[in-house]
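Visitor: With the UniProt record's numbering applied, the sequence shown has no gaps in its numbers, which climb one by one up to 389 at the end. Cβ coordinates follow ideal geometry from the N, Cα and C atoms, glycine included. All values derive from a computational prediction rather than experimental measurement. Please see the structure below; I have some questions.
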Amino acid sequence: IRYLTAGETHGPQLTAIIEGLPSELQLDFEELNFQLARRQKGYGRGRRMQIEKDTADIVGGVRHGYTTGAPVALVVANNDWKHWTKIMNIEPMEGTDEEKRRVHRPRPGHADLNGGLKYNHKDLRNVLERSSARETAIRVAVGAVARQFLASFGIKVGGQVIRIGEIEAPPNNLPLDELVARTEESSVRVVDKETEQKMEAYIDQIKKEGDSIGGIVECIIEGVPVGLGSYVQYDRKLDARIAQAVMSINAFKGVEIGIGFEAGHIRGSQVHDEIMYNEEQGYHRATNRLGGFEGGMTNGMPIVVRGVMKPIPTLYKPLQSVDIDTKEPFTAQVERSDACAVPAASVVMESVVAWEVAKAFLEKFGGDSMTEIRKNLENYQAQVDEY
Ligand code: EPS
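Here you go:
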């Protein structure tokens, strides 16, 4: 199974094609749009989110509520397109640089300069239109399909914001359903109300100062069978594939599984999860410091992944850069930006991790229909239960 996306942030739409989904997967369209709405929320977003009301259209591969096994094509329209029809048109355009909204001043921290050099674009708009984090909207739509696939096997996905800049959320050990319910009510996707208030005030302050702020988000996936991914080849290690997926989210600079980097400063006896057995649970671990992975394979414990997002590089507070026409220094002018997109990034991370888990699940229990996959899973489950 694989997917590709296409589309520009101010173009007509974002598009994805998912190839390799089995037939007989029932899709709940409201749930799909609910995931898109979750990504649009969050304290600290800018004016663009007032323009967009993201919904997904399915334009292939689904009939009467079920996948057919054909490629599933998804479309998320850009409402902002109506302001950009000339500038982003596929037809040649006559006009001044200003009329074309040509970009010749690369913004530090963005793809602008590297992309311009690489693709030889003298208009950096050709880079920024595609490198924009707007693309995460369609990835959330794809992830929403993956989540529904996983849910049909009892696999649940949730997440929370762990930190925004200086403000850290206190640790909690809530059951996943409760964590999901509580974070859903929060403007910054945290459980603790006091932390929420502190984070909102902090974001206000950052915004007032013309700055931006990043943070750390966590994704948890429960109910995953043991043995997804494999130790036998580097590119089959599921933890590695999840890390790649998380790093691919715009502005993400690091990933950890379980206790992650903390494993580098405590002892082995404090890191490894002891193996237990009882009739009811079968094999399990006494703790879950390794975040559900040993040897690149799931061990049946919840998958716990964290990712760090850098502050958004579009700043009202100017940073120095160099004009590609004149090679002269300039300081950037910003029209609109998000001061903080960490709560939205939390939803994106859930989506991309869910996709990787669904992909590994299909590799292990692969079949062309949900019926076939279900039988393969039951067969394997019986083998594991007997072991
Ligand atoms: C983004 C810049 C802003 C964000 C955008 C990501 O858009 P614009 O350039 O139109 O002001 O709002 O995010 C989204 C549109 C979205 O849906 O998340 C960027 O440069 O990455």
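#1: Suppose contacts are defined by Cβ-Cβ distances below 8 Å. Is Thr300 in contact with Gly368 by that definition?
#2: Can Gly212 and Lys319 be called in contact, C-beta distance under 8 Å?
#3: What are the boundary residues of the beta strand (DSSP E) that Asn280 is part of?
#4: Mind checking whether the beta-carbon of Arg338 lies closer than 7 Å to any heavy atom of the ligand EPS?
#5: Report buried or exposed for Tyr5, applying the criterion of at least 16 other Cβ atoms within 10 angstroms of its Cβ.
#6: Look at Met303 and His286 and say whether their C-beta atoms are less than 8 Å apart.
#7: Give a yes or no on contact between the segment 178–194 and the segment 240–257, applying the rule of three or more CB pairs nearer than 8 Å.
#8: Tell me the residue span of the alpha helix (DSSP H) that contains Phe363.
#9: Please tell me whether Gly63 and Ala75 are closer than 8 Å, where the distance is taken between their beta carbons.
#10: Could you name the residues that DSSP lists as bridge partners for Val77?
#11: Check the DSSP bridge columns for Leu317 and list the partner residues they point to.
#12: With DSSP collapsed to three states, give me the class of Arg103.
#13: For Ile140, which residues from the same chain have a beta carbon less than 6 Å from its beta carbon, with the 5 sequence-adjacent residues on both sides left out?
#14: Please classify Tyr204: does DSSP put it in a helix, a strand, or coil?
#15: Rounded C-beta distance between Met351 and Val219? I'm assuming under 8 Å.
#16: Out of curiosity, what's the CA-to-CA distance linking Gly118 and Pro14?
#17: With a Cβ-Cβ cutoff of 8 Å, do Pro73 and Leu321 count as a contact?
#18: Which of the three DSSP states, helix, strand or coil, is assigned to Val324?
#19: Grouping DSSP H, G and I as helix and E and B as strand, with all else coil, what is Gly293?
#20: For Gly270, count neighbouring C-beta atoms within 10 Å of its own C-beta (all shown protein chains included) and say buried if the count is 16 or more, exposed if not.
#21: On the premise that Gly260 lies in contact with Asn290, defined as a C-beta separation below 8 Å, what is that separation, rounded to the nearest angstrom?
#22: So, Arg136 versus Thr57, is the Cβ gap smaller than 8 Å?
Guide: Walking through what the data contain:
#1: Translated into the one-based positions of the sequence shown, residue 300 becomes position 298. Translated into the one-based positions of the sequence shown, residue 368 becomes position 366. No.
#2: In the sequence shown, counting from the first residue as 1, residue 212 sits at position 210. In the sequence shown, counting from the first residue as 1, residue 319 sits at position 317. Yes, the Cβ-Cβ distance between Gly212 and Lys319 is below 8 Å.
#3: Start at 1 with the first residue of the sequence shown, and residue 280 comes out as number 278. Unbroken beta strand (DSSP E) run through Asn280: Ile277 to Asn280.
#4: Locating residue 338 in the sequence shown gives position 336, where the first residue counts as 1. Yes.
#5: Counting from 1 along the sequence shown, the entry for residue 5 is found at position 3. Classification of Tyr5: buried, given that the 10 Å Cβ count is 16 or more.
#6: Mapped onto the sequence shown, residue 303 falls at position 301. Mapped onto the sequence shown, residue 286 falls at position 284. Yes. Within cutoff.
#7: no
#8: As a first step, residue 363 must be located in the sequence shown, where it is residue number 361. Taken as a continuous stretch (DSSP letters only), the alpha helix (DSSP H) holding Phe363 covers Val344 to Phe367.
#9: Within the sequence shown, numbered from 1, the residue matching residue 63 stands at position 61. Within the sequence shown, numbered from 1, the residue matching residue 75 stands at position 73. Yes, these two residues count as a Cβ contact at 8 Å.
#10: Locating residue 77 in the sequence shown gives position 75, where the first residue counts as 1. BP columns for Val77 point to Thr17 and Asp59.
#11: Counting from one through the sequence shown, the residue named residue 317 turns up at place 315. Answer by DSSP bridge pairing: none, since Leu317 is not bridged.
#12: The count along the sequence shown starts at 1 and reaches residue 103 at position 101. Here Arg103 sits in coil by DSSP.
#13: By 1-based counting over the sequence shown, the position of residue 140 is 138. Thr7, Leu16, Ala18 and Val78, listed in sequence order.
#14: As a working mapping, residue 204 is identified with position 202 in the sequence shown. Note: Tyr204 maps to helix in three-state DSSP.
#15: Position 349 of the sequence shown, counting from 1, holds the residue named residue 351. Position 217 of the sequence shown, counting from 1, holds the residue named residue 219. Yes, Met351 and Val219 are in contact; Cβ-Cβ is about 5 Å, under 8 Å.
#16: Within the sequence shown, numbered from 1, the residue matching residue 118 stands at position 116. Within the sequence shown, numbered from 1, the residue matching residue 14 stands at position 12. If I take the Cα positions, the gap works out to 23 Å.
#17: Here residue 73 refers to the residue found at position 71 when the sequence shown is read from its first residue. Here residue 321 refers to the residue found at position 319 when the sequence shown is read from its first residue. Cβ atoms of Pro73 and Leu321: not closer than 8 Å.
#18: As a position in the sequence shown, residue 324 is number 322, starting the count at 1. Residue state, collapsed to three classes: strand.
#19: What you label residue 293 is simply residue 291 of the sequence shown in a count that begins at 1. Looking at Gly293 - three-state DSSP - the assignment turns out to be coil, as it is neither helix nor strand.
#20: Walking along the sequence shown from the start, residue 270 turns up at place 268. So Gly270 counts as exposed.
#21: Taking the sequence shown and counting its residues from 1, one reaches residue 290 at position 288. Taking the sequence shown and counting its residues from 1, one reaches residue 260 at position 258. About 7 Å separates the two Cβ atoms, so the contact holds.
#22: Within the sequence shown, the letter at position 134 stands for residue 136. Within the sequence shown, the letter at position 55 stands for residue 57. Their beta carbons are not under 8 Å apart, which means Arg136 does not touch Thr57 by this criterion.
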